[in-house]
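First residue of the sequence shown? That's 172 in our numbering, and the numbers climb one at a time after it. Just so you know, even glycine gets a beta-carbon here, dropped at the ideal spot from N, CA and C. The structure presented is a predicted model; accordingly, all values stated were derived computationally and were not measured. Take a look at the structure below.
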Amino acid sequence: MTHKLTAYLTGATGFIGYNIADILVKNGWDVYALYRNHSDTGKLQKLGVKLVYGHLGDTDSLKNGMPDKVDSVFHTAGNVSFEKTRNKEQNQDNIEGTRNIIQAAIYNGCKRFIYTSSAATFGIHKELIKEETKSNALEIPINYFHSKTLAEEIVKDIYKAGDLDTVILNPANVVGPHDTKIWGPFVLSIVNGTLTSIGSGTGSFCHVKSVANAHLNAFKVGKSGHQYLLAGTTATFYEVCEIISNLCNCNKPLVTKGLINGLSDEISQLMNYEQRINCKKAIDELEFETVTLEKMFGDLLEWLRFSGQLK
């Protein structure tokens, strides 16, 4: 009988995590999904995953809920707040939470640990960012950059110590179905006319389905101790707004270099940064698929309509 692979997945009720759960189930995995109090687990229950209660701040709950000799832990959970008032909470979630889930993975004999990091850990550079680019993330005055960088260092140190087989994935801006935190609300704010200005910056973008598939392939063929940038399409944020307005037949925001209405100070800063990502390594080694912005935002819009958030 063929061995059925087991996965322990954090962040499964979130955007990227749910899409990873979906692709794992479709590929025959036995998925154990971490959830917290007040989490909406309805979609996960429909997928047929095994729900395990726990909290990233409680190492014992993580150890007890994780299967023994689990094939892979996919640590996708993360605090993506860009509100300075939540920095302490963000550090606890991203840094200490990563430390705790690693302890649980080692305790339970995890065979491979896949960490969902972020392109933010490389910082901001004028030149094209590659895996070899030296990070300046701790110099960027945004706590998300700091917390994800320090969490990533924990993963790297554990690998160097020989305690755990790890692969790190660094997605840029991820777009697609089930996004209720960043680009979903962003699209709705343009359609509703509440976002009237946008920064002059540039970013790289990837489809959440491509990101989810990259996680699966990272387990299968990712090189131990390596990290992979995930991106594909690069555009200015104004060009993104143009695509959204064309797809929705609505007005697009005007470019500004100052604070952007309706967005936090940190997101306003982000929208004026320029970050361009080279993801050739992921394309070559993980069969990472790049798609057009029209496809990414078209799929997001289709889901927003299907879920009743957009008419």
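Going along the chain, which residues of its own chain have a beta-carbon closer than 6 Å to the beta-carbon of residue i, five neighbours each way excluded?
| i | result |
| --- | --- |
| Asn-307 | Gly-294 |
| Gly-372 | Phe-408, Met-442, Asn-443, Tyr-444 and Glu-445 |
| Ala-402 | Ala-343, Ser-375, Cys-377, Ile-448 and Cys-450 |
| Gly-225 | Leu-205, Ser-232, Leu-233 and Gly-236 |
| Asp-201 | Lys-175 and Thr-177 |
| Thr-212 | Tyr-206 and Leu-222 |
Near residue i, which residues of its chain fall below 7 Å by C-beta distance, leaving aside the five closest residues on each side in sequence?
| i | result |
| --- | --- |
| Gly-219 | Val-196 |
| Tyr-278 | Lys-234 |
| Ile-414 | Leu-464, Glu-465 and Phe-468 |
| Lys-352 | Phe-186 and Val-251 |
| Arg-270 | Ile-325 |
Kindly indicate which residue of the options has the alpha-carbon position closest to the one of residue i.
| i | options | result |
| --- | --- | --- |
| Ala-204 | Leu-366, Phe-245 and Val-379 | Phe-245 |
| Ile-311 | Ala-275, Ile-325 and Ala-290 | Ala-290 |
| Lys-175 | Gly-182, Asn-198 and Ala-192 | Asn-198 |
| Thr-404 | Val-462, His-386, Gly-213 and Gly-347 | Val-462 |
| Gly-396 | Asn-208, Cys-412 and Glu-323 | Glu-323 |
| Lys-428 | Gly-479, Gln-440 and Asn-417 | Gln-440 |
| Gly-249 | Lys-217, Pro-238 and Gly-268 | Gly-268 |
| Ser-478 | Pro-424, Val-392, Thr-230 and Asp-350 | Asp-350 |
| Ile-431 | Lys-394, Thr-367 and Trp-474 | Thr-367 |
I think residue i touches residue j, with their Cβ atoms under 8 Å apart; what is that distance to the nearest whole Å?
| i | j | result |
| --- | --- | --- |
| Gly-228 | Gln-261 | The pair is not a contact, with the Cβ atoms about 13 Å apart (cut-off 8 Å). |
| Ile-266 | Leu-321 | 5 Å |
| Pro-348 | Leu-471 | 6 Å |
| Lys-240 | Gly-280 | 5 Å |
| Glu-302 | Gln-398 | 6 Å |
| Thr-292 | Asn-258 | Their Cβ separation, rounded to whole angstroms, is 17 Å, which puts Thr-292 and Asn-258 out of contact at 8 Å. |
With a CB to CB cut of under 8 Å and the five nearest residues on each side skipped, what residues in its chain are close to residue i?
| i | result |
| --- | --- |
| Glu-410 | Leu-464 |
Establish whether the CB of residue i and some CB of chain C are separated by less than 9 Å.
| i | result |
| --- | --- |
| Gly-228 | You won't find chain C in this structure, because it holds only one protein chain. |
In chain order, which alpha helix (DSSP H) runs of at least 4 residues are fully inside the segment 368 to 420?
-> 379 to 392 and 408 to 419
Touch check for the segment 426 to 446 and the segment 270 to 286: three-plus C-beta pairs under 8 Å?
-> no
Can you list the alpha helix (DSSP H) stretches of 4 or more residues lying completely in the segment 315 to 372, in chain order?
-> Note on the segment 315 to 372: whole alpha helix (DSSP H) runs with a minimum of 4 residues are 354 to 362, in chain order.
4-residue-minimum alpha helix (DSSP H) runs that sit fully inside the segment 192 to 266, ordered along the chain | 213 to 218, 230 to 236 and 258 to 262
With contact counted as at least three CB pairs below 8 Å, one residue from each stretch, are the segment 372 to 382 and the segment 312 to 327 in contact?
-> Contact between the segment 372 to 382 and the segment 312 to 327 is absent, because fewer than three Cβ pairs lie under 8 Å.
Just checking, does the segment 180 to 191 make contact with the segment 381 to 396 on the three C-beta pairs under 8 Å criterion?
-> yes
Runs of alpha helix (DSSP H) wholly within the segment 433 to 465 (minimum 4 residues, chain order) = Whole alpha helix (DSSP H) segments, 4+ residues: 436 to 441 and 451 to 457.
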